[in-house]
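Residues 860 to 1474 (our numbering) are what the sequence shown spells out, left to right.
All C-beta atoms, glycine included, are put in the ideal place defined by N, C-alpha and C.
Quantities reported herein were computed from a predicted structural model and do not represent experimental measurements.
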Amino acid sequence: MILDAEAEIAIRQHLVLVALGRRPADLAIEVGRLLSVYSRSWMAEQEIIVAGRRIAYVGPVGSYRGTVRERVRHPGLSAVPGLGEVHKHIESTHITPEFEAELVLPRGNTWTCEASHEFANVNGSRNIEFWQKARRAGSPLKVFIQPGSAVPPSAWEESGGSYGHDEQQRFVSQHLDVTSLDEVMDWPAVWNPDNPGYARMWGLIGATLAGRAVVEGHGSGLTDAHDISAFAAAGLSSDHEVWALEEAWDRLERGIFTELRPFSYDAIIPGLLARGLPDWQDVAFTTDDRSASETLELGASDHNVRHAIQYGLKPEIAIQCATINPARHMRIEQWVGSVAPGRYADLVLLDDVETFRIAGVYADGRRVGEGTRYVGPEVRIGWPDWASRTVKVGRELSAKDFAIKAEPGRATMQAAVLRPFHWNEDFLVEELPVADGEVQRDTARMITKWALVDRYRGDGAVAAMFWTGCGPADPDTALACSVAHDSHNIWAVGSSDAAMAMAVNRLEAMQGGWALVHRGKLVAEVRLEIAGLMTARPAEAFDDEMQAFYRAAGKVEWMYQPSALNLWKPGFPEFLKFATLTCSPWRWVLVAPSKAAPEGFVNVQTGETHKVVWA
């Protein structure tokens, strides 16, 4: 565990003596060949000498002049460094860090830079403690912490955390495992001095730079050369929101470290190869958001590497993009990213490099993976109430809480309407019928009701409006979830107000997750009892529950219209958990009621608010 400089110095003083053969080593790992990610060359028949959790010496088999307590041999295997994540939200796996470790370590992932504005928005004061807890308890997965800039995500939102200059200064000065400021997402708060978040954002950036830490960026929707230049000029050093070849090329040419997600490889990697990119050191692979179910199916960082090779990248370069490149960028090269003296003894054993087929994994100098099976230490945490009792609606909701009142005597009302991933300058306007003094949905036009419920204050505050192209078509049906990037209030979409209330009430009772009401009955749920985002269960247990939920959701008729994002698909609308984002390129959004936006309907680019219905 990287706790403080004093402990680090003691470790390195010991490593020096082991490297010189003046103290005995704990372990020698012999491999058929070893990849140097610095030279991109393979070294034949190497031994890796381990003292404690770290590497003391690397050289040809038999060259170490000291004594070794234990020696293991893997003569037919190729060794590469433990893979790392430059930008990942472990919360999006939906399992807690100790179970995330058991899932990803056998798949080669030995360290993760945790982009932490998810848990931080739930409980900002305990965020660092949360991410250190599994490692302190003995987990071999190294988690480097990136406190979130999006805490809260915008000046019009309230959450369970608030970070500014003083908080970030404390994080970077007191914790060696804090590496950066997590993705600066609120671009208007960076460039516009009139934005109410301007001072806070620059305070965060300033504290990060003063601590010689890294400021991570989020440049979604920025394609103009002036915007990209301004982004880089602000000190935002990276961007993972890269979808197309030209976006990647423009960022690389302006000195922005470019983090590629697998769904964009087809557009970007062949293009960069065709243009003859000579130096890939400013490119890394990132998972960003991937559920445990997807990891069980696809893999972890190993999938990112394997997928890149399939698109034509040489294995050695692909491995650099998941090891030394992100480690250098995050300024943690002294601990991870290579198989070299002083680093953690993390290595991935391959029986086939071209297909990146993993035979075994070492982390902290001990075997933790055999195939896809975890064989490391079992860590179990009794999560305290500050992590497990976080959903505080405060009262039982009823249908009336989701009603949208009409003006007296009106037969119809004008209504603002959004759709998922509605990035237009203006919202839609529709005329909707009134019945019993309330504005009604219009299923013929696929217009349903959408709501956000505050889960922090305990006053049961609800913001509701009309959305189109999503939600259930069946009567008395609703879907609710406590995963709502990035404030993580509760969202609900439904064909009746009573069904929406039932779904939200169930979420509070089980402290977060998913709830599905179909034709007036609760038919499925997924428990995410830790922060309303994760569950303290193995990946397989979570996946079993999620698959049962998918089967129940498959019996519902879901409305669908295409939107601006091609990841928005027909069927069960799981991706709605990202439809609550308030960063660029979003404009008009619904947030939970706040002092700055009492009705919740606000343009996050301009700060303009608007009624959800009017005469």
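Legend entry - Three-state class that DSSP yields for residue 1353 in the structure shown: For the purposes of this step, residue 1353 is taken as the residue at position 494 of the sequence shown. Strand.
Inset, instruction - Consider the C-beta atom of residue 1182 and the heavy atoms of the ligand GTP; say whether any pair is separated by less than 7 Å. - result: Within the structure as shown, the ligand GTP is missing, as the structure has no ligands at all.
Inset, instruction - Starting from the C-beta of residue 1270, find all residues in its chain whose C-beta is less than 6 Å away, skip the five residues before and the five after it, and write them out in chain order. - result: Within the sequence shown, numbered from 1, the residue matching residue 1270 stands at position 411. Taken in chain order, the residues that qualify are 1293.
Inset, instruction - Count the other C-beta atoms from every protein chain shown that fall within 10 angstroms of the C-beta of residue 1158, then say buried if there are 16 or more, exposed otherwise. - result: Sequence index remark: in the sequence shown, residue 1158 carries index 299 (1-based). Classification for residue 1158: buried.
Legend entry - Three-state secondary structure (DSSP) of residue 1005: Within the sequence shown, numbered from 1, the residue matching residue 1005 stands at position 146. Note: residue 1005 maps to strand in three-state DSSP.
Legend entry - Straight-line Cα distance separating residue 992 from residue 864: Looking up residue 864 in the sequence shown gives position 5. Looking up residue 992 in the sequence shown gives position 133. Approximately 19 Å between the Cα atoms of the pair.
Inset, instruction - Classify residue 868 as buried or exposed, calling it buried when 16 or more other Cβ atoms lie within 10 Å of its own Cβ. - result: Counted from its first residue, the sequence shown places residue 868 at position 9. The residue is exposed, with fewer than 16 neighbouring Cβ atoms inside 10 Å.
Inset, instruction - Give the range of the beta strand (DSSP E) segment to which residue 1115 is assigned. - result: Counting from one through the sequence shown, the residue named residue 1115 turns up at place 256. Run containing residue 1115: none; DSSP gives neither H nor E here.
Legend entry - Contact between the region 1327-1339 and the region 1415-1423 (3+ Cβ pairs under 8 Å): yes
Legend entry - residue 1444 and residue 1329 closer than 8 Å at C-beta: Counted from its first residue, the sequence shown places residue 1444 at position 585. Counted from its first residue, the sequence shown places residue 1329 at position 470. Their beta carbons are not under 8 Å apart, which means residue 1444 does not touch residue 1329 by this criterion.
Legend entry - Alpha-carbon to alpha-carbon, residue 1371 and residue 1185: For the purposes of this step, residue 1185 is taken as the residue at position 326 of the sequence shown. For the purposes of this step, residue 1371 is taken as the residue at position 512 of the sequence shown. Each residue's alpha carbon lies about 33 Å from the other.
Inset, instruction - Please determine, among 1206, 1453, 1128, 1359, the residue with the shortest C-alpha to C-alpha distance to residue 936. - result: Here the question's residue 936 lines up with position 77 in the sequence shown. Closest by alpha carbon: 1206.
Inset, instruction - Determine the direct distance from the alpha carbon of residue 1340 to that of residue 1470, and round the result to whole angstroms. - result: For the purposes of this step, residue 1470 is taken as residue 611 along the sequence shown, with counting starting at 1. For the purposes of this step, residue 1340 is taken as residue 481 along the sequence shown, with counting starting at 1. A straight line joining the alpha-carbon of residue 1470 with that of residue 1340 spans about 25 Å.
Inset, instruction - Evaluate the contact criterion for the region 1254-1273 versus the region 1295-1306: three or more CB pairs, one atom per stretch, below 8 Å. - result: yes
Inset, instruction - Determine the extent of the beta strand (DSSP E) in which residue 1022 is found, giving its start and end residues. - result: Here residue 1022 refers to the residue found at position 163 of the sequence shown. From DSSP, residue 1022 is part of no beta strand (DSSP E); its letter is neither H nor E.
Legend entry - Run of the alpha helix (DSSP H) containing residue 1188, from where it starts to where it stops: The sequence position of residue 1188 within the sequence shown is 329, counting from 1. Here the alpha helix (DSSP H) through residue 1188 covers 1183-1188.
Legend entry - Residues near residue 1373 in its chain [Cβ-Cβ closer than 7 Å; skip 5 each side]: Start at 1 with the first residue of the sequence shown, and residue 1373 comes out as number 514. 1340, 1384, 1385, 1408, listed in sequence order.
Inset, instruction - Taking residue 1426 as the reference, give the member of 1102, 1081, 965 with the closest Cα. - result: Counted from its first residue, the sequence shown places residue 1426 at position 567. The residue with the shortest Cα to Cα distance from residue 1426 is 1102.
Inset, instruction - Quick one: grab the DSSP three-state call for residue 1484. - result: No information on residue 1484 is available, as it lies outside the stretch 860 to 1474 that the chain covers here.
Inset, instruction - Counting only the same chain and skipping the five closest in sequence on each side, list residues whose C-beta sits under 8 Å from that of residue 1181. - result: What you label residue 1181 is simply residue 322 of the sequence shown in a count that begins at 1. Same-chain partners within the cutoff: 942, 943, 1143, 1144, 1160, 1163, 1164.
Inset, instruction - Specify whether the region 905-924 and the region 875-886 touch according to this definition: at least 3 beta carbon pairs, one from each stretch, less than 8 Å apart. - result: yes
Inset, instruction - Specify whether the region 1307-1320 and the region 1283-1291 touch according to this definition: at least 3 beta carbon pairs, one from each stretch, less than 8 Å apart. - result: Look at the beta carbons and you see the region 1307-1320 not touching the region 1283-1291: under three pairs across the two are nearer than 8 Å.
Inset, instruction - Compute the beta-carbon to beta-carbon distance between residue 1003 and residue 1036, rounded to the nearest angstrom, for a pair I have assumed lies under 8 Å. - result: Here residue 1003 corresponds to residue number 144 of the sequence shown, with the count starting at 1. Here residue 1036 corresponds to residue number 177 of the sequence shown, with the count starting at 1. Contact holds; Cβ gap of about 5 Å.
Inset, instruction - Using beta-carbon positions only, say whether residue 954 and residue 1151 come within less than 8 Å of one another. - result: Position 95 of the sequence shown, counted from the first residue, corresponds to residue 954. Position 292 of the sequence shown, counted from the first residue, corresponds to residue 1151. Yes, they are a contact pair.
Inset, instruction - State yes or no: is the C-beta of residue 1313 within less than 8 Å of the C-beta of residue 1451? - result: The residue given as residue 1313 occupies position 454 in the sequence shown. The residue given as residue 1451 occupies position 592 in the sequence shown. Yes.
Inset, instruction - Please report the residue range of the beta strand (DSSP E) in which residue 1264 lies. - result: Numbered from 1 along the sequence shown, position 405 holds the residue referred to as residue 1264. From DSSP, residue 1264 is part of no beta strand (DSSP E); its letter is neither H nor E.
Inset, instruction - Taking residue 899 as the reference, give the member of 946, 1038, 981, 1175 with the closest Cα. - result: In the sequence shown, counting from the first residue as 1, residue 899 sits at position 40. Ranking 946, 1038, 981, 1175 by Cα distance to residue 899 puts 1175 first.
Inset, instruction - Inspect the beta-carbon positions of residue 974 and residue 1005 and report whether they are closer than 8 Å. - result: Walking along the sequence shown from the start, residue 974 turns up at place 115. Walking along the sequence shown from the start, residue 1005 turns up at place 146. In contact: residue 974 and residue 1005 (Cβ atoms closer than 8 Å).
Legend entry - residue 879, DSSP secondary structure in three states: Counting from one through the sequence shown, the residue named residue 879 turns up at place 20. Residue 879: coil per DSSP, three-state reduction.
Inset, instruction - With a threshold of 16 other CB atoms inside 10 Å of the CB of residue 1232, please say whether the residue is buried or exposed. - result: Along the sequence shown, read from residue 1 onward, the residue named residue 1232 stands at position 373. With a 10 Å radius around the Cβ and a threshold of 16 neighbouring Cβ atoms, residue 1232 comes out exposed.
Legend entry - Closest Cα partner of residue 1136 within the set 1168, 1172, 1348: Mapped onto the sequence shown, residue 1136 falls at position 277. Closest option to residue 1136, Cα to Cα, is 1172.
Legend entry - Complete runs of the alpha helix (DSSP H) confined to the region 1071-1105 [at least 4 residues]: Whole alpha helix (DSSP H) segments, 4+ residues: 1084-1092.
Inset, instruction - State the Cα-Cα distance for the pair residue 1375 and residue 1354, rounded to the nearest angstrom. - result: One-based indexing of the sequence shown puts residue 1375 at position 516. One-based indexing of the sequence shown puts residue 1354 at position 495. The straight-line gap from Cα to Cα measures roughly 12 Å.
Inset, instruction - Would you mind working out which of 1114, 1209, 1358 sits nearest residue 940, comparing C-alpha positions? - result: The residue you call residue 940 lines up with position 81 of the sequence shown. For the residues 1114, 1209, 1358, the minimum Cα distance to residue 940 belongs to 1209.
Legend entry - DSSP beta-bridge partners of residue 937: As a first step, residue 937 is located in the sequence shown; it is residue number 78 there, counting from the start. 892, 1209.
Legend entry - Beta-bridge pairing of residue 1169 - partner residues as DSSP gives them: Translated into positions along the sequence shown, residue 1169 becomes position 310. DSSP output for residue 1169 lists no bridge partner at all.
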